[in-house]
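K.L.:
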Amino acid sequence: MRTDQGWRRFYAAGWFATAAVATVTFVLWQAHVRAVEQRADDAERTREEAARRRAVEERLYIARELHDSLTHSISVINVQVGVAAHLARKRGEEPAAALLAIQEASTDAARELRSTLDTLRRDDDGGGAGLDRLPALVDRARSSGLPITVGVEGAVRPLPADVDQAAYRVVQESLTNVSRHAGEATATVRLTYGVGRLTVQVDDDGFAPRTAPVPGHGLIGMRERVAALGGLLNAGPGPTKGFSVVAELPTVPSDGAHAGPSGGDRP
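Using numbering that gives the first Met the number 0, you'd call the opening residue of the sequence shown number 0 and step up by one each time.
#1: Quickly, what does DSSP pair Q200 with across the bridge? List them, please.
#2: Measure the C-alpha to C-alpha separation of V149 and V137 and round it to an integer number of angstroms.
#3: For T17, count neighbouring C-beta atoms within 10 Å of its own C-beta (all shown protein chains included) and say buried if the count is 16 or more, exposed if not.
#4: CA-CA distance, T103 and D41?
#5: If you drop the 5 nearest sequence neighbours on each side, which residues of the same chain put their C-beta closer than 7 Å to that of D81?
#6: Given a threshold of 16 other Cβ atoms within 10 Å of its Cβ, counted over all protein chains shown, does R113 qualify as buried or as exposed?
#7: Taking only the alpha-carbon atoms, compute the straight-line gap between E93 and I76 and give it to the nearest angstrom.
#8: Give the secondary structure of V151 by DSSP, where H, G and I count as helix, E and B as strand, and everything else as coil.
#9: Between the alpha carbons of A49 and E56, how many angstroms are there, rounded?
#10: Among S72, L69 and L218, which one has its Cα closest to the Cα of R168?
#11: Cα separation between R196 and A227?
#12: Provide the residue(s) that pair with P236 in DSSP beta bridges, ordered along the chain.
#13: Quick check on this structure: which residue in N176, Y192 and T191 has the alpha carbon closest to the alpha carbon of T185?
#14: What does the alpha-carbon distance come out to for the pair V194 and V225?
#15: For L59, which beta-bridge partners are listed by DSSP?
#16: Pull up the CB-CB distance for R141 and D107, whole angstroms please, since I reckon it's below 8 Å.
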């Protein structure tokens, strides 16, 4: 009987020891898993911080390059045009409309460059031009000789800052392309406020090749900007003549980005 009790005590002690070892092993395993997860989180955080630091350094480099290469040239243009306009008035003459347009454009370019430099030097990407500056953009293009009609459909409402800026840039780049490449042409700008979406369309009736031209930097930049917001951009020759740019921008956050069919700038 005593022998049986001794074996029972032995087995009980064995089971207790086994349970204790299993418990300690489980606790150590959990600690190891937490340590591995912590190391992975630290490594991910380090990679993100390194990527953020490289992005900031790149933004500062671009800002310095823009400042050194463009600010001086734009300032010189503005000063020389201002002197020419002053001399014309001093002679009792009215400065040419083209001269005044260059002066206004150079002033606006300097202002936008400063805004861009400020944005590049900040961690966020806020600020910049929006559709509130569209009337000034249209007036400036008209003063350079480009007839423009502007239409708005739907209920105008406040837009997210990035959508507002993207819409303005699409119109700006499209009108620039019309002025540069379309020859004698008129342009139409249409903004359509839909449900959760803003459609920006710029059409002209000027010269355009009937085949899709090779994309230029302007169109590539527009496409990237629109795609980054999850929107679509189509650009190409119009049905019978001219050129058409249509950008559909979501006005509510969306996951992912989609690029529209290939188009192109005029050559």
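Backbone N, C-alpha and C fix where the C-beta goes; we use that ideal spot for every residue, glycine too.
P.N.:
Considering the structure as presented:
#1: As a beta-bridge residue in DSSP terms, Q200 pairs with R189 and V245.
#2: About 8 Å.
#3: Answer is exposed; the Cβ neighbour count stays below 16.
#4: Residue 103 is actually Glu in this sequence, not Thr. Taken atom to atom, the span from the alpha-carbon of E103 to that of D41 is near 52 Å.
#5: A small correction: the amino acid at residue 81 is Gly; Asp does not occupy that position in the sequence shown. Q102, listed in sequence order.
#6: R113 should be labelled exposed.
#7: E93 and I76: Cα-Cα distance of roughly 19 Å.
#8: In this structure, V151 counts as strand in the three-state DSSP scheme.
#9: Rounded to the nearest angstrom, the two C-alpha atoms are 10 Å apart.
#10: Closest by C-alpha distance to R168, out of S72, L69 and L218, is L218.
#11: Their Cα atoms are separated by approximately 15 Å.
#12: According to DSSP, P236 bridges with F242.
#13: Selected option, being the one with the closest Cα: N176.
#14: Each residue's alpha carbon lies about 18 Å from the other.
#15: L59 pairs with nothing; no bridge assigned.
#16: The distance from the Cβ of R141 to that of D107 is about 14 Å, inconsistent with a contact at the 8 Å cut-off.
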